[in-house]
Every structure is written in structure tokens, then in C-alpha cells.
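Residue numbers for the sequence shown follow numbering that gives the first Met the number 0, so the first one is 0 and each next one is one higher. Okay, structure first, notes after.
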Amino acid sequence: MLKPLLLLSTLILSGFGLLPKPNPTAFPQDAPPAPAATTKANPVKVTPEGMARAKKQYGYDCEMCHGATGDGKTDLAKDMKLTLVDLSDPKSLADVQDGAIFDLIKNGKDKMPGEGDRAKPDEIWNLVHYVRGLSQTK
Ligand code: HEC
0 MLKPLLLLST LILSGFGLLP KPNPTAFPQD APPAPAATTK ANPVKVTPEG MARAKKQYGY
60 DCEMCHGATG DGKTDLAKDM KLTLVDLSDP KSLADVQDGA IFDLIKNGKD KMPGEGDRAK
120 PDEIWNLVHY VRGLSQTK
């Protein structure tokens, strides 16, 4: 009498064991949001090609406000009454993480327009290298 019962409960127990484990990724709404790049270090290596492209891009999209040297003393900045940090001063970005600069260039902030989808991620990372480089000529 006891034996079949035992067998039955063993079957039930092992049956539970066969149930798939809850899979957290099966519920996208519970998945953590993709981490912002803010704390990320620059994953792109400095190359002459990357820097050359970034210099060009900076010339098109950034220089009118930040100036060729990065000091921010431009007519447009004056006209728009922008308060710009001096990017040619190494202190300006000393405490700013690479990822935060990436996010800023991608998304913009206040009166600074973001590159959005105009620039590929690796182009933005090269711009991060480039703006850091602006303070390395002093
Ligand atoms: C229309 C003018 C304008 C243009 C164009 C512009 N910026 Fe800016 N930028 C600003 C302003 C304004 C700030 C200050 C934003 C703030 O901190 O409120 C700023 C801040 C910055 C900073 C400092 C971030 C910090 O944390 O202190 C960096 C780096 C920067 N810009 C890079 C760029 C790059 C690279 C481009 C081109 C892709 C660019 N900017 C284009 C106006 C501009």
C-alpha cells in the first residue's frame, strides 16, 4: 500500500523538477533598462583615421559654438549667450567620465544640440577622444 504512494509522490516531485525555471529575460518589461553610457570608459581606440574624422566632424558640428581650440570664445556662443566650459583647459573635463561626454554628444543638453542618429557610436566615441585631446596641446 505504501509503495505505490511513494512512487506517486516521487513522480510528482520529479515532475516539479522538470518545470522550467522562471526565466527573467522572458519578461521584457521586467528587464533592467539598457545602461546609459555614462559610466563607460571609451571602448574605441585612438587611431589617426578616427581622429581625422572626428576633427572634421567637430569642424562641422561643434566648432561654431566651442571654437577650433575648444575655448568657447565664438561669436555664436556670444550671440546665444552660452556659458561654455573651456575645453582647452584640462581641468574642464577632468571629472567627467567618457560615457557622460558620449551621452552629451549623442543627446545634447540645454542649448547644445545632440548628434542623435547623425553620428555612429564609434564616431561619437572618437569625438570624445577629440574633445579630450583639445586640452592636451597646452
Ligand atoms: C549650439 C552650440 C553648441 C554646439 C553646436 C555644440 N555644443 Fe557642446 N556645449 C554647448 C553648451 C551650451 C554646453 C554647456 C551645456 C551645459 O552643461 O549646460 C556644452 C557643453 C559641452 C561639453 C562639456 C560637457 C561637460 O560636462 O562639461 C562638451 C565636451 C561639448 N559640449 C562637446 C561638444 C561637441 C563634441 C559638439 C559637436 C558634436 C558640441 N559640443 C556642439 C553648446 C554647443
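The beta-carbon is built from N, C-alpha and C at its ideal position, and this holds for glycine as well. Predicted, not measured: the structure shown is a model, and the values here were computed from it.
Item: Output needed for residue 110: all residues of its chain with C-beta closer than 8 Å, excluding positions within five of it in sequence on either side, in chain order.; Value: 79, 81
Item: Among the residues of its own chain, which have a CB less than 7 Å from the CB of residue 76, if the five just before and after it don't count?; Value: 64, 83
Item: What does DSSP give as the partner residues of residue 111 in its beta bridges?; Value: 108
Item: Between the C-alpha atoms of residue 131 and residue 89, what's the straight-line distance to the nearest angstrom?; Value: 8 Å
Item: Let me confirm a value: residue 74 is counted as buried when at least 16 other C-beta atoms fall within 10 Å, else exposed. Which label applies?; Value: exposed
Item: Under 8 Å: does the beta carbon of residue 135 sit that close to some heavy atom of ligand 1?; Value: no
Item: Does the Cβ of residue 144 lie closer than 8 Å to at least one heavy atom of ligand 1?; Value: What is shown of the chain runs 0 to 137, which leaves residue 144 out entirely.
Item: For a test of your reading of the model: does the CB of residue 72 fall under 8 Å from any non-hydrogen atom of ligand 1? Yes or no.; Value: no
Item: Taking the straight line between their C-alpha atoms, what separation do you get for residue 113 and residue 44?; Value: 22 Å
Item: Classify residue 56: buried if its beta carbon has 16 or more other beta carbons within 10 angstroms, exposed otherwise.; Value: buried
Item: Between residue 99 and residue 37, how many whole angstroms is the CB-CB distance? I'm expecting something under 8 Å.; Value: 5 Å
Item: For residue 104 and chain C, any beta-carbon pair shorter than 9 Å?; Value: The structure shown contains no chain C; it holds only a single protein chain.
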